[in-house]
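Q: Just dropping this structure here.
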Amino acid sequence: MIRLISMQLVRFCDVTEAFARKEGEGDLSLEYWKREHQRFFSSEGHFSEDMELIAEEFEVVEVL
Numbered sequence: 659m660i661r662l663i664s665m666q667l668v669r670f671c672d673v674t675e676a677f678a679r680k681e682g683e684g685d686l687s688l689e690y691w692k693r694e695h696q697r698f699f700s701s702e703g704h705f706s707e708d709m710e711l712i713a714e715e716f717e718v719v720e721v722l
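Each residue of the sequence shown is one higher than the one before, counting from 659 in this note's numbering.
This is the structure we're talking about:
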């Protein structure tokens, strides 16, 4: 079970180093985050530096 801490719309080009680090993928850098997410969104057929993303921060409150 998770608890949602925050949720906001953020443009791809405005994602921060702190957000990329919190997501915990790869080497935790913004460069890695942008490269891999651009690859993913492009493979799904849509990518733009101005596209809006839903950025969520959550915490695990119970493992079921």
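From the three backbone atoms N, C-alpha and C, an ideal C-beta is built for every residue, glycine too. Please read all numbers here as calculations on a predicted model, not as lab measurements.
Since residue 660 and residue 721 are thought to touch, with beta carbons under 8 Å apart, how far apart are those beta carbons, to the nearest angstrom?
A: Rounded, the Cβ-Cβ distance is 10 Å, inconsistent with contact.
Q: Thinking C-alpha only, which one of 717, 666, 687 and 668 is nearest residue 676?
A: It is 687.
Q: Tell me whether the beta-carbon of residue 669 lies closer than 9 Å to the beta-carbon of residue 707.
A: Taking 9 Å as the Cβ cut-off, residue 669 and residue 707 qualify as a contacting pair.
Q: Quick one: Cα of residue 701 to Cα of residue 671, how far?
A: When rounded, the distance between both Cα atoms is 18 Å.
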